[in-house]
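A short write-up of the structure that comes next.
In my numbering, the protein residues as written are 205 to 315.
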């Protein structure tokens, strides 16, 4: 079982994605914003953070020891080559199998 930090501002989406990750057998802490996430990251070491692109949050993830993996949850299809500092990404909407694959890719970067 891995521990994930989910950062999603939309409450309904946050609950759905949290349930999806839990159904994959993982523990999830879900928060509504990057500021709350950064505070929690100063106390808890997560295997990965799932979030929209946020420079401050990604910098915080990189600053943990070992660095926390980053899974981007994008609202629309973006050119991932223009976004740096992430381990895996998904474009919404996504299926549980696509989510599982993205989480596995991110966690593989930690190995």
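For each residue, glycine too, the CB sits at the ideal point set by N, CA and C.
- Message: Please identify the residue among 272, 253, 310, 261 whose C-alpha is closest to the C-alpha of residue 242.
- Response: Mapped onto the chain shown, residue 242 falls at position 38. Minimum Cα distance to residue 242 is reached at 261.
- Message: I need the DSSP call for residue 256, collapsed to helix, strand or coil.
- Response: Start at 1 with the first residue of the chain shown, and residue 256 comes out as number 52. The answer is coil: DSSP assigns residue 256 none of H, G, I, E or B.
- Query: When you compare only the Cα positions, how much space is there between residue 218 and residue 246?
  - Reply: Taking the first residue of the chain shown as position 1, residue 218 is located at position 14. Taking the first residue of the chain shown as position 1, residue 246 is located at position 42. Near 21 Å, if we compare the C-alpha coordinates of residue 246 and residue 218.
- Using the Cα positions of residue 214 and residue 236, report the straight-line distance between them to the nearest angstrom. The sequence position of residue 214 within the chain shown is 10, counting from 1. The sequence position of residue 236 within the chain shown is 32, counting from 1. Rounded to the nearest angstrom, the two C-alpha atoms are 7 Å apart.
- Cβ distance (whole Å) where residue 275 is taken to contact residue 307 below 8 Å: Residue numbering aside, residue 275 sits at position 71 when the chain shown is read from its first letter. Residue numbering aside, residue 307 sits at position 103 when the chain shown is read from its first letter. About 6 Å separates the CB atoms of residue 275 and residue 307; that is less than 8 Å, so the two are in contact.
- Can you have a look at residue 289 and say buried or exposed, based on whether 16 or more other CB atoms are within 10 angstroms of its CB? Residue 289 sits at position 85 when you count from the first residue of the chain shown. Under this definition residue 289 is an exposed residue.
- Message: Given this structure, state the Cα-to-Cα distance separating residue 248 from residue 255, to the nearest angstrom.
- Response: Residue 248 sits at position 44 when you count from the first residue of the chain shown. Residue 255 sits at position 51 when you count from the first residue of the chain shown. Each residue's Cα considered, the two are about 17 Å apart.
- For residue 276, the first and last residue of its enclosing beta strand (DSSP E): Taking the first residue of the chain shown as 1, we reach residue 276 at position 72. Note, residue 276: beta strand (DSSP E), 273 to 278.
- The alpha helix (DSSP H) spanning residue 239 covers which residue range? Within the chain shown, numbered from 1, the residue matching residue 239 stands at position 35. First-last of the alpha helix (DSSP H) with residue 239: 238 to 245.
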